[in-house]
Each structure stands twice: as structure tokens, then as C-alpha cells.
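In my numbering, the protein residues as written are 865 to 1115. In what follows, a single structure is set out as C-alpha cells and then discussed.
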Amino acid sequence: MRQKIVAGNWKMNTTVPEGVELAKAVVAKSVEVPSDVKLVIATPATHLVPVADVVKGSVVALSAENCADKEKGAYTGEISAAMVASTGATYTILGHSERRQYYGETDEKLVEKTKLALANSLKVILCVGENLEEREAGKHFDVCAAQVKNVLYNFSAEDMKNIVIAYEPVWAIGTGKTATSEQAEEIHAFIRKVVADKFGAEVADDTTILYGGSCKPSNAKELFAQPDIDGGLIGGAALKADDFIAIAMSF
Ligand code: PEP
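Next comes the structure, spelled out in C-alpha cells:
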């Protein structure tokens, strides 16, 4: 049985004290969430150390939103996978569309980042997804297949145990437009097949594939009821503990 996950991506929101309060609220409410749902919060890098303290001993796991594609050295402003792991975080998001779009994150860089994250015992939440133009041109299957293949086909079946895929149609992120559950299921099933083509049905069956893009308490139930949707990567709604927990209770 693959792991159900609801992961919050705080992006560049909250100061450190605000983030600590939000994490405390999530931890306090996490007791309501069924134990087969894994909760993850991805915070800005500045928040990792104090939030690690808050989530310690709880069911909430901590994630970074990114890590560097280099091991260490003269890369001013970057944060290595080893640094992330040393905070107590156990996950990192990689390849978020905002990083692909604004910070030149290529699939080649994502291969390096994924290698370093796994080498430092971090689990990876790899984001893939098409933009509006690609969706309208009917290229969404090709775009997602290429993103999955370009990165994940460089890894082993063993590595896949520590990799989660998040399908996030760029046109649905922060826009209030959610993919319909049919649109999301169709592409989740397709992504699972792309994983199966390389690693076999068993690995594909065990791979958690999250949906992200304006997921909220009012639409999570329908999305999570789909057979190939194993949870969500949540942006805006993760900034309110009540909404985040309501989403986690939507399976
Ligand atoms: C995200 O940034 O990963 C995301 C899904 O954002 P939102 O939920 O705000 O669309």
C-alpha cells in the first residue's frame, strides 16, 4: 500500500515567529488526522531549525522547499542537501514550477539535486506539471512524461522508495482554478504508467503521486477519492492550520 501524504508548501510566506506559531497549530491539530495519512510541512529555509523543534516527537514531518545542486563550497546563498538534513528535515520539495519558471531550475539540475537529497537521506517530492499553453495545445501528457523521465529515469527502483511525485498543473497553482478530478486522475494514472514503464508495476503501485493546484477543503475529498491520487501538495491552504488539517482529513 502506498503512503498517503498531505504536504504543505509555505513558499515565501511567514516570518520565523509566525511560522513557528503555524507549525504549533498544525502539530496540535495533527492528532485528529488518521494515522495512515502522513503530514509534511515544507517551510522556508530560515524556519527549518526552529520548526524542527516544534514538530519533534509529533507525526508531522519537516521538509525544505528546495536544495542546492552542488554538494558544498563557493555557492553564495545556496543551501545544500546536507545542511537541510542537519536541521532535522526529512524531505525536500524539488522542481516546483515556481523554481522552474523563475530560477532556471532545469531537469538536469534536478537530477543533481535529487542525487544529493537522496545521498543525505532526504525524501524528495518532485514536482511536475504543464503550463496553460501546453495544456491548451494538448501537450500535457508529453510534458509530464518528459519531466518524469528526464529526472527519475536516472534513478533506481530502490531510490524510488524515497521519491514522491507531485503533479501540479501550473495553471492551477495559486489561481483558484483546480483541475477537475477527472483531469487530475487521467494524468496521475498516466504518470504512474510512465513510472511502471521503467521500474515495473510494483514500484509504480508503491509510488505516491500527489495532486497540487488550488487544493482546498472543499475540493480535496473528490480529488483524493480518485484511485491514482494519493494526497496533495498544498500551497495557499497550508497557511491556515484548520484548512490544512481539513484537507488531510479528506480521504
Ligand atoms: C503549490 O504551490 O505547490 C500549490 C499547489 O499552491 P496552491 O495550493 O496555492 O495552488
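Ideal placement from N, C-alpha and C gives every residue a C-beta, glycine not left out.
Cβ-based neighbour list, residue i, same chain, cut-off 6 angstroms, excluding 5 preceding and 5 following
i: Cys991; result: Gly959, His960, Ala1030, Glu1032
i: Glu972; result: none
i: Val975; result: Val1015, Asn1018
i: Val1034; result: Ser961, Gly993, Asn995
i: Gly1095; result: Lys868, Ile869, Val870, Leu1074
i: Ala1036; result: Thr1042, Ala1043, Gly1077, Ser1078
i: Phe1088; result: Ser1114, Phe1115
Beta carbon proximity, residue i to chain B, threshold 8 angstroms
i: Gly1099; result: This model lacks chain B altogether; it includes just one protein chain.
Limits of the unbroken beta strand (DSSP E) element including residue i
i: Gly1008; result: According to the sequence as given, residue 1008 is Cys; it is not Gly. It is not in any beta strand (DSSP E) - Cys1008 instead sits in the alpha helix (DSSP H) that spans 1004-1016.
i: Leu926; result: 924-928
i: Val869; result: Reading off the sequence, residue 869 comes out as Ile, not Val. Segment 868-873, the beta strand (DSSP E) holding Ile869.
i: Lys987; result: 987-992
i: Thr956; result: 955-958
i: Tyr1075; result: 1073-1076
i: Met906; result: For the sequence presented, residue 906 should be read as Ala rather than Met. Segment 901-906, the beta strand (DSSP E) holding Ala906.
i: Leu1097; result: 1095-1098
Cβ shell of residue i (< 8 angstroms), same chain only, five flanking positions each side left out
i: Tyr939; result: Ala932
i: Glu1049; result: Gln1090, Pro1091, Asp1092, Ile1093
i: Leu912; result: Leu926, Ala928, Val948, Thr951, Gly952, Ala953
i: Val1058; result: Cys1008, Ala1009, Val1012, Lys1013
i: Glu1086; result: Ser1045
Given residue i as reference, the closest of the options once Cα atoms are compared
i: Val1028; options: His911, Thr970, Lys987; result: Lys987
i: Ile822; options: Ala981, Ala949, Glu935; result: Coverage of the chain is limited to positions 865 through 1115, which leaves residue 822 absent and any answer about it impossible.
i: Lys920; options: Lys936, Ser894, Ala945; result: Ser894
i: Lys888; options: Arg866, Ser922, Lys1041, Leu996; result: Ser922
i: Gly1040; options: Ala892, Gly1100, Thr970, Lys868; result: Gly1100
i: Lys979; options: Ala1001, Met1024, Trp874; result: Met1024
i: Thr910; options: Glu942, Glu935, Gly937; result: Glu942
i: Ile957; options: Asn873, Ser1045, Ala983; result: Asn873
i: Cys1079; options: Phe1054, Met1113, Ala1068; result: Met1113
i: Arg963; options: Asn930, Phe1108, Val915, Pro898; result: Asn930
i: Lys875; options: Ile1098, Phe1108, Ala1053, Asp1069; result: Ile1098
i: Asp1106; options: Leu1087, Pro1081, Phe1088; result: Pro1081
i: Ala1084; options: Ala1110, Asp1070, Ala1068; result: Ala1110
i: Arg866; options: Leu1103, Ala1068, Ala1053, Lys1104; result: Ala1068
Endpoints, alpha helix (DSSP H) assigned at residue i
i: Ile1055; result: 1045-1063
i: Ile1029; result: Ile1029 -> not in any alpha helix (DSSP H); beta strand (DSSP E) instead, spanning 1027-1031.
i: Val918; result: 912-919
i: Ala945; result: 945-950
i: Gly883; result: 880-893
i: Phe1088; result: 1081-1088
i: Tyr939; result: No alpha helix (DSSP H) contains Tyr939, which DSSP labels as neither H nor E.
i: Met1024; result: 1021-1024
i: Phe1115; result: Unbroken run through Phe1115: none, as it is neither H nor E.
i: Lys977; result: 971-983
i: Leu1103; result: Per DSSP, Leu1103 belongs to no alpha helix (DSSP H) and is neither H nor E.
Residues near residue i by beta carbon distance below 7 angstroms, same chain, minus five either side
i: His1004; result: Glu994, Glu998, Ile1051
i: Val918; result: Val884, Ala887, Lys888, Val891
i: Glu935; result: Ser944, Leu980
i: Glu969; result: Gly959, Arg963
Checklist entry - Does the count of Cβ pairs from the stretch 1074-1087 and the stretch 1056-1063 closer than 8 angstroms reach three? => result Judged by Cβ distances under 8 angstroms, the stretch 1074-1087 makes no contact with the stretch 1056-1063, as fewer than three pairs qualify.
Checklist entry - If you pair each beta-carbon of the stretch 895-902 with each one of the stretch 875-882, do three or more pairs fall below 8 angstroms? => result No contact exists between the stretch 895-902 and the stretch 875-882.
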